[in-house]
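Numbering (my numbering), first residue to last: 177 to 416.
Heads up, the beta-carbon is just placed ideally off N, CA and C, and yes, glycines get one too.
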Amino acid sequence: MTATAAAPPERPAQRPGPRWWQRPWILPLALFSATFLVYALPPYLGLDPAQARADVPEDVAWYYPLLVTHIFGGSLLTLLVILQVWPWLRARHPAVHRWSGRVYVLAGIPLVGVPGLLIAPLSGFGASVRISNLIWALLWLSFTVIGYRMARRRRFAPHREWMLRSFALVYGIAFSRVLTVVLVMVNMPRLESEYGGDTAALGLAIAPANAFLSWIVPLLLVEWWLKYRRPPGRRPRAAA
Numbered sequence: 177m178t179a180t181a182a183a184p185p186e187r188p189a190q191r192p193g194p195r196w197w198q199r200p201w202i203l204p205l206a207l208f209s210a211t212f213l214v215y216a217l218p219p220y221l222g223l224d225p226a227q228a229r230a231d232v233p234e235d236v237a238w239y240y241p242l243l244v245t246h247i248f249g250g251s252l253l254t255l256l257v258i259l260q261v262w263p264w265l266r267a268r269h270p271a272v273h274r275w276s277g278r279v280y281v282l283a284g285i286p287l288v289g290v291p292g293l294l295i296a297p298l299s300g301f302g303a304s305v306r307i308s309n310l311i312w313a314l315l316w317l318s319f320t321v322i323g324y325r326m327a328r329r330r331r332f333a334p335h336r337e338w339m340l341r342s343f344a345l346v347y348g349i350a351f352s353r354v355l356t357v358v359l360v361m362v363n364m365p366r367l368e369s370e371y372g373g374d375t376a377a378l379g380l381a382i383a384p385a386n387a388f389l390s391w392i393v394p395l396l397l398v399e400w401w402l403k404y405r406r407p408p409g410r411r412p413r414a415a416a
């Protein structure tokens, strides 16, 4: 009597992932990104320093080219983030996720991170804003490089967490516009008494708070999500 090979155990059926329309935050995120780009890009499309929203130092010839590079590169990253955080796209079209992620890193470092680092010390809004911009650039470069390194080592859980931190900093740029409106509204009742009706003085006064809160708040929200919303058992392994 010949022995028959045991049949391999059947694998449990995998539950289908959520449909694209079951992630209702994707569409608002895309609309928010598009609205921000429509607002932020037009002054720089003509490459005219006089149209820039920020003061451009006249004695630093390379400042405006790097500023424009930073803004155009940041606009690209803002759109790429949508492709990166869309679970349906990541599950159904992983090649799109991988290639858009490579563009995010390999284009973002020279077009966004490095220019941001170089122009940060030249901000016209004072020392506090310069320090905030410098910290932002250093953190974004660090988070992005670490996230990319984790992916290269196929450690995808920590890769995802570091890249979410990087994405939070990118969206901090857009969030700063919303925060500006909030801070102006909060301080408007004191416009006459404290700032003599000078809106420019009010803008300079709220600039440091806006500069720091615009990236600290999104980053704290991501950290909260990583700590309290991470599924049980998904804890990143310690670095080798």
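Assigned exposure category for residue i - 16 Cβ within 10 Å defines buried
i	result
GLY222	exposed
GLN227	exposed
ARG413	Any reading at ARG413 must be qualified, since the residue scores a pLDDT of 48, below 50, and its modelled position is unreliable; the value itself is stated next. Under this definition ARG413 is an exposed residue.
VAL305	buried
TYR404	exposed
PRO185	Low confidence applies to PRO185: its pLDDT is 48, below 50, so where it sits in the model is not reliable, and the reading given next is rough at best. Exposed.
MET326	buried
SER299	buried
PRO394	buried
THR375	exposed
VAL346	buried
ALA344	buried
VAL357	exposed
ALA237	exposed
LEU397	exposed
SER369	exposed
GLN190	Note on GLN190: pLDDT 48, under 50, position unreliable in the model; the coordinate value appears next. Burial call: exposed.
VAL362	exposed
ARG366	exposed
Minimum C-alpha distance to residue i - residue among the options
i	options	result
TYR280	THR320, TYR220, GLY348, LEU397	THR320
LEU310	HIS335, SER318, PRO297	PRO297
PRO286	GLN260, LEU252, VAL272, ARG328	LEU252
PHE248	PHE212, ALA344, PRO263	PHE212
PRO373	ILE392, VAL360, ARG330	What sits at residue 373 in the sequence shown is Gly, not Pro. Closest option to GLY373, Cα to Cα, is VAL360.
ARG336	ILE322, THR254, LEU217, ILE295	ILE322
GLU399	LEU259, PRO334, TRP275	PRO334
MET364	ILE349, ILE382, ARG353	ILE382
ALA385	TRP338, ALA303, TRP275	ALA303
VAL261	ALA206, PRO219, ALA210, ILE295	ALA206
GLY348	ILE202, ILE392, PRO204	ILE392
LEU402	TRP338, PRO204, VAL362, ARG328	TRP338
THR254	ARG266, ALA377, ALA267, SER276	SER276
ALA419	ARG330, TYR371, ALA350, VAL362	There is simply no residue 419 to check, as the chain begins at 177 and stops at 416 in what is shown.
ARG328	SER318, SER352, ARG278, GLY284	ARG278
GLY289	SER318, ARG353, TYR371	SER318
GLY284	ARG353, GLY250, ARG330	GLY250
Beta-carbon proximity check, residue i vs residue j, cutoff 8 angstroms
i	j	result
PRO225	TYR215	no
LEU380	PHE301	yes
TRP312	SER342	no
SER308	PHE208	no
LEU340	SER390	no
PRO291	LEU256	no
LEU314	LEU293	yes
LEU259	VAL272	yes
HIS246	ILE202	no
PRO218	ARG229	no
heavy atom of the ligand ATP below 7 angstroms from residue i C-beta
i	result
LEU213	With respect to the ligand ATP, the structure offers nothing, as it holds no ligand at all.
Test: residue i CB closer than 8 angstroms to a CB of chain D
i	result
TYR280	Looking at the structure shown, chain D is missing, and only one protein chain is on hand.
Those runs of the alpha helix (DSSP H) which lie wholly inside the region 215-241 and span at least 4 residues: 218-221
Start-end ranges of the beta strand (DSSP E) lying completely within the region 233-295, minimum 3 residues: none
Whole alpha helix (DSSP H) elements within the region 322-387, 4-residue minimum: 332-363, 367-371
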